[in-house]
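Reading through the structure tokens given below for one structure.
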Amino acid sequence: MPQRAVTAETSLARPEWTRARRVVVKIGSALLADRETGTLKREWLASLVADVAELVRQGKQVVLVSSGSIALGRHKLGLPTGPLELEQSQAAAAVGQISLAHAYQELAATSGLTVAQILLTLGDTEQRQRYLNARHTIETLIELKAIPVVNENDTVATAEIKYGDNDRLSARVAGMVSADCLVLLSDVDGLYTAPPNEDARAQHIPLVTEITSEIEAMAGDAGTELSKGGMKTKIEAGRIALGAGTNMVIATGKVLHPLRAISEGGKVTWFLAKQDPLTAKKRWIAGQLEPRGTLYVDTGAEKALAGGKSLLAAGVTRVEGTFERGDAVIIRARDGRELGRGLSAYARGEAERILGRKSSEIADILGFEGGPELIHRNDMALHRK
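Heads up: the sequence shown begins at 1013 in the working numbering, then just goes up one per residue.
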């Protein structure tokens, strides 16, 4: 096996975990719902929530991506085991989502936490305006010290647009919120050279620094009928996460306090990104998005940008092009020099109405509170001088 892709080192509480400020945790259906009865594994969920509370006390920000609504709902509706028709899955999700949200709310309250439910579809992460809306909601909840609990919106998603598993959804969410670490809680304690339940000679891989064809070949298929994801989808999630600059860890969820186990150096597989989330995002903005417009800025704004500040409406003198909220735009100095590129927080018509105006005036001009920045510094890639 190439040394550049996998190494055999192990460590207690890796620095990627201890230094992580924002963590996304994915929880699968098989961990939440009892396979025989279809009921919630309440003791396990309580231990997970206690772990989240401890991470919050340590100063970390946590986002949960939770499956389980269909698994819980099908039991309440008396649906048979095995694959469900699309309409049956949607109906089961509608029933199960209520139970799941209530359980999170009740258990979080015992730890002094506030949780909020967010339902996403594929389009919410692929269409720029909906992507920004979802990201803004999650960011606002985090700022307000709430724990976002995200799930795929199975009640309305169709077979053609569904993620099909929450591994990839969690990776998309991790990229959306620039998470430092994505945790995939699984029914196994990491990646093996072969499915460990099929091959007794399978060896555990503690560290992956590059997802090669060799790594992909180690992935097995889906685990249980309650879980749509297997190791294959976890590797695909890893590719998404690492591309966004987010480290990922696959850890067992078949123990109480699974996040505490990671902190204590439990057996896991780490996938390490080669760049941090902010750097990855800025490279994406700078080189992969087609700009839809141009914002010209005055000398004061140019100096502020060079000092690491966001671009405020007060510093913009002219707007060109046709763009919507979330589209990429070019930032130019008065003399036409390209200073960089960024994601506009306002559509062209809105930007024109507020250019040159103070941040305190924006809400009165537009009729809604949209934020003071035309382009936030985290949504901007400036050229180096």
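Yeah, the Cβ is synthetic: ideal placement off N, Cα and C, and Gly gets one too. The structure presented is a predicted model; accordingly, all values stated were derived computationally and were not measured.
Is the distance from the Cβ of residue i to the Cβ of residue j below 8 Å?
i	j	result
Leu1219	Trp1282	yes
Ile1110	Ile1130	no
Gly1085	Gly1108	yes
Pro1303	Val1331	no
Asn1259	Glu1028	yes
Val1185	Val1077	yes
Gly1352	His1395	yes
Glu1385	Leu1323	yes
Ala1263	Leu1156	no
Ala1091	Gln1100	What sits at residue 1091 in the sequence shown is Leu, not Ala. Cβ atoms of Leu1091 and Gln1100: closer than 8 Å.
Ala1183	Ala1249	yes
Ala1146	Asp1136	yes
My output table needs one value for residue i: the three-state DSSP class, helix, strand or coil.
i	result
Asn1145	helix
Ser1059	helix
Val1200	coil
Asn1178	helix
Val1068	helix
Gly1080	coil
Gly1354	strand
Thr1022	Residue placement at Thr1022 is poorly supported in this model, since its pLDDT is 42, which falls under 50; the coordinates still yield a value, given next. Coil.
Ile1342	strand
Ala1206	coil
Ile1223	coil
Met1392	strand
Pull up the DSSP beta-bridge partners for residue i, would you.
i	result
Pro1270	Looking at the DSSP assignment, Pro1270 forms no beta bridge with any residue, so it has no partner.
Met1260	Leu1194, Phe1283
Leu1052	Ala1045
Lys1038	Val1077, Leu1196
Ala1249	Answer is none; Ala1249 lacks a bridge partner.
Asn1163	Leu1131
Ile1387	Leu1323
Leu1156	According to DSSP, Leu1156 bridges with nothing at all.
Among the options, whose alpha-carbon lies nearest the alpha-carbon of residue i?
i	options	result
Gly1299	Gly1354, Met1260, Glu1248, Gly1338	Gly1354
Ile1082	Arg1140, Glu1055, Val1068, Asp1046	Asp1046
Pro1160	Leu1132, Thr1133, Ala1128	Ala1128
Ser1275	Ala1292, Lys1286, His1148, Val1261	Val1261
Ile1374	Lys1293, Ala1065, Ala1326	Ala1326
Arg1360	Lys1370, Asn1259, Thr1306, Glu1099	Thr1306
Arg1346	Phe1335, Val1328, Gly1333	Val1328
Val1064	Gly1080, Leu1044, Val1035	Val1035
Val1195	Ala1313, Asn1178, Leu1378	Asn1178
Thr1144	Met1188, Gly1312, Ala1313	First, the residue type needs correcting, since residue 1144 is Leu and not Thr in the sequence shown. Residue Met1188 is the option with its Cα nearest to Leu1144.
Ser1190	Ala1058, Thr1311, Ala1357, Leu1254	Leu1254
Lys1244	Gly1257, Thr1205, Lys1266, Arg1213	Thr1205
- Item | Minimum length 4: unbroken alpha helix (DSSP H) runs contained in the segment 1086-1132 | 1098-1122
- Item | In chain order, each alpha helix (DSSP H) run of at least 4 residues that lies wholly inside the segment 1291-1334 | 1311-1318
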